[in-house]
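Quick note, the sequence shown lines up with residues 0 to 53 if you use numbering that gives the first Met the number 0.
Backbone N, C-alpha and C fix where the C-beta goes; we use that ideal spot for every residue, glycine too.
Computed from a predicted model, the values in this text were never measured in an experiment.
Notes follow once the structure below has been shown.
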Amino acid sequence: MSSPREVKEISPDVYWVGVRNWERKFFDKLVPLPEGTTYNAYLFQGSDNSKTSF
């Protein structure tokens, strides 16, 4: 993968955690991916830090 992981706050206490992979050219050797792909996860952080979901 050509890009490091990224973390971006998309709303208060909600974060996108992911990686952009510009080098992946095809999905299942069939569907072209001219702009690469991303691997995504989301972090939801509770107000008291005991209710956090990933």
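C-alpha of F26 to C-alpha of A40: approximately 19 Å in a straight line. Annotated as distal: V16 and F43, with beta-carbon spacing of 8 Å or more. Ranking V30, G35, S52, D47 by CA distance to the CA of V18 puts G35 first. When rounded, the separation of the alpha-carbon atoms in S52 and E5 is 18 Å. Assignment of beta-bridge partners to P31 by DSSP yields F25.
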